[in-house]
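The working numbering applies: residue 3 is where the sequence shown begins, and numbers increase by one.
Below is one structure, written out as structure tokens; comments come after it.
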Amino acid sequence: MPRYQLSTLVNRLLETEKPVPLEFLINGQFLRTSLDEFLTQNGISAETTLSVEYVKALVPPLFVSSYEHDDWVSSLDVLSQGSRPAQWAGEQAGAVPQRILTGSYDGLLRVWNMSNDVVATGQGHTAAVKAAKFVSPQQVVSSGVDRTLRLWKFDDAEAAGAGSLTPTMELYGHRAAVENLAVHAPSSRILSASSDHSVGLWSTKKSEAPAAPETLLPSNKRRKLSSSAKASPQRGPLSMLQGHQSQVADVCFDEKDSTVAYPASWDHSVKTWDLTTSACVDTRTTAQSLFSICHLPEAGLLATGTSARHITLIDPRVDARTVSAMTLRGHMNAVVSLARDPSSSYQIVSGSHDGTCRIWDIRSARQEATDRVGEAVYVIDRESAKGKPRSAVGEGVKVFGVQWDPEVGIVSGGEDKRVQINKGSS
3 MPRYQLSTLV
13 NRLLETEKPV
23 PLEFLINGQF
33 LRTSLDEFLT
43 QNGISAETTL
53 SVEYVKALVP
63 PLFVSSYEHD
73 DWVSSLDVLS
83 QGSRPAQWAG
93 EQAGAVPQRI
103 LTGSYDGLLR
113 VWNMSNDVVA
123 TGQGHTAAVK
133 AAKFVSPQQV
143 VSSGVDRTLR
153 LWKFDDAEAA
163 GAGSLTPTME
173 LYGHRAAVEN
183 LAVHAPSSRI
193 LSASSDHSVG
203 LWSTKKSEAP
213 AAPETLLPSN
223 KRRKLSSSAK
233 ASPQRGPLSM
243 LQGHQSQVAD
253 VCFDEKDSTV
263 AYPASWDHSV
273 KTWDLTTSAC
283 VDTRTTAQSL
293 FSICHLPEAG
303 LLATGTSARH
313 ITLIDPRVDA
323 RTVSAMTLRG
333 HMNAVVSLAR
343 DPSSSYQIVS
353 GSHDGTCRIW
363 DIRSARQEAT
373 DRVGEAVYVI
383 DRESAKGKPR
393 SAVGEGVKVF
403 GVQWDPEVGI
413 VSGGEDKRVQ
423 INKGSS
């Protein structure tokens, strides 16, 4: 029986008003052929009783639009009614329009509407911006090569240039570039990953934040030359978590417990930090440098992007017998950004220096000699490279950041100076 006929049969049994495209899992593998071919390929007798799981099919993500920048797009975030910042804000947020926040190597933050207009620009960093996040529909945090984190008040508007990003606080504590950020608005906490081998823990509230370290503050002359001459309050970290032996590339909160943090480092390790005591309670060491991390709470796993071109799923539990639970293979260069499907506990998207984003479903894997291995469900190429041969090194089209929003879709940015939006048709 072909897969399409099996989907039709199940829809009839479910008596759905409108047929829903379905995928089928048999023994942890997605059915990609007819049922007869699957049985033959896997040496299963036709008389064997099979346990078949059906799931809603992931619709191919089609190109929607792209937003051009003046320089490389290092990072981005998405705001929508269904996004996490809006959900954290609750009813007080009201109607939340769709916005895209970008950080660029030209040192600027930009907020875009869905008509390709820049509604607000933030100027304050003195070097490239490396990370940018919405804390709430009215607040943004950014970090960069200038070693600082900066908080901004976002006043929205629909017309181009009618909104504003106003600096509200400068955070000092790192001694090298701040590569990535994670936010948890309900606890007013921010995590930062830095090239100085440390992880910073910060408060979004001026009243909670300690004084900034005097030795790290810019000189008065430098502040006068800076575009952020309108001085905003300067604060320091709640704590600096030391322990990694090399650059910390990314960090995330445990999505079920905001007092737990997971940084990923070039030193090949993921550490588990108890933020209430500033204690490292566990270290998981892999065979490669780690460039990105994403928590999959329902599966109890951490997805980590590696320098070795694959994604390693790590079990962070102290009593876990093995470090790697699964390996996702397919990228041809380093995996530098990861995001979870907001509507699924099993699907993630990755961004790589090979110039592609790839969508994965961790339920689909095959057992190899020493590991379970999964392959990408879909590959998203850069629209700017359309019609050109795909380069393994992603020359000119490296992806630096990717996000997955329930309304806007998959949004990515990178070396081609563009933000690209891809979305499955409904």
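Here a beta-carbon is modelled for each residue, glycine too, at the ideal position from N, C-alpha and C.
Buried versus exposed, by CB contacts within 10 Å (16 or more), Gly96:
exposed
Rounded to whole angstroms, what is the Cα-Cα separation between Gln140 and Thr206?
Each residue's alpha carbon lies about 12 Å from the other.
Is DSSP giving Thr452 helix, strand or coil here?
Summary: the structure shown does not reach residue 452, with the chain confined to residues 3 through 428, and so no result is reported for it.
For Ala378 and Asn335, the rounded distance between their alpha carbons
15 Å
Thinking just about the alpha-carbon of each residue, which of Tyr174, Asp157, Val137 and Asn118 is nearest to the one in Ser189?
Val137
Where does Tyr6 land, buried or exposed, given buried means 16+ other C-beta within 10 angstroms?
Burial call: exposed.
Between which residues of its own chain and Val283 is the CB-CB distance below 8 Å, once the five residues before and five after are set aside?
Thr274, Trp275, Asp276 and Val320
What is the DSSP secondary structure of Thr372, counted as helix, strand or coil?
coil
When DSSP labels each residue in this structure, what does Trp90 get in the three-state scheme?
helix
Just curious, the alpha helix (DSSP H) that Gln43 is in, first and last residue?
Start and end: Leu37 to Gln43.
Between Gln236, Pro87 and Thr104, which has its C-alpha nearest Thr150's C-alpha?
Gln236
Can you have a look at Ile364 and say buried or exposed, based on whether 16 or more other CB atoms are within 10 angstroms of its CB?
Under this definition Ile364 is a buried residue.
Determine the direct distance from the alpha carbon of His176 to that of Ala91, and round the result to whole angstroms.
29 Å
Hey, could you find the ends of the beta strand (DSSP E) Arg286 is sitting in?
Ala281 to Thr287
If we count the other Cβ atoms within 10 Å of its Cβ and call it buried at 16 or more, is Ala289 buried or exposed?
exposed
When burial is assigned at 16 or more other CB atoms within 10 Å of the CB, is Pro4 buried or exposed?
exposed
Anyone know if the C-beta pair for Val98 and Ala164 falls short of 9 Å?
no
Three-state secondary structure assigned by DSSP to Gly202
strand
7 Å Cβ shell around Leu227 - same chain, five flanking residues per side excluded
Note that Leu227 scores a pLDDT of 45, beneath 50, so its modelled location is shaky and nothing firm can be said.
Taking the alpha carbon of His312 as the reference point, which residue from Arg34, Met328 and Glu409 has its own alpha carbon closest?
Met328
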